[in-house]
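To keep things clear, I will list the structure first and then write my remarks on it.
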Amino acid sequence: MNQPTAPHDRHGPAGYDRAAVEVHRPAPVTTAHIAPLVPVQPGTIPAVASVVLPDGRVVTGYTIEPAKPEPVATKPAVSRTAVNLALGGIGFGAVCGGLILLTTFIAALAALIHQLIILAAVIFGGWIAVQLFGHHSGGGGTTVHIRKAVIKRNKFYG
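Right, dumping it as structure tokens:
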């Protein structure tokens, strides 16, 4: 393409116009300014590792630490629901024992009240019987003697 042509030939081979071809000459590379080195702590530089491949090539590079998984929240050995049910059962058992004692106390109190009512009825009934059927010794009462009486023509003869 870039073959030399005669100076009078303005058109190149196969009708190419030489004026349309541009030639670029590379510019020389200027030297880059190197940044000053910053001192680095010795513990922060990762280790360089070399690996020999099966075909004999050596690959050198920095080792990459494997990503550490985030710690998984540890689950308790027993679920909270099971603990709550167990504590509720223990509380219910304690209350049931108290309820059994309470019902026993109420039954004993009812039996005591029943016995007191019977005792009061016996004592009061005995006092009434004594009042009705008791013997009085000549106090201030009126004595009436009933004899055989005869009633004739609506007139009482005693």
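Converting from the sequence shown to the working numbering requires adding 291 to each position, the first position being numbered 1.
Note that the Cβ used here is the ideal one computed from N, Cα and C, for glycine as well.
Values in this document were obtained by computation on a predicted structure and should not be read as measured data.
The straight-line gap separating the alpha-carbon atoms of glutamate 361 and alanine 373 is approximately 28 Å. In the structure shown, threonine 351 adopts extended strand secondary structure according to DSSP, grouped into three states. Here the C-alpha atom of valine 343 lies approximately 21 Å from the C-alpha atom of proline 357. Judged by their CB atoms, threonine 321 and valine 339 are not nearer to each other than the 8 Å cut-off. For valine 413, the enclosing alpha helix (DSSP H) has its first and last residue at 371–424.
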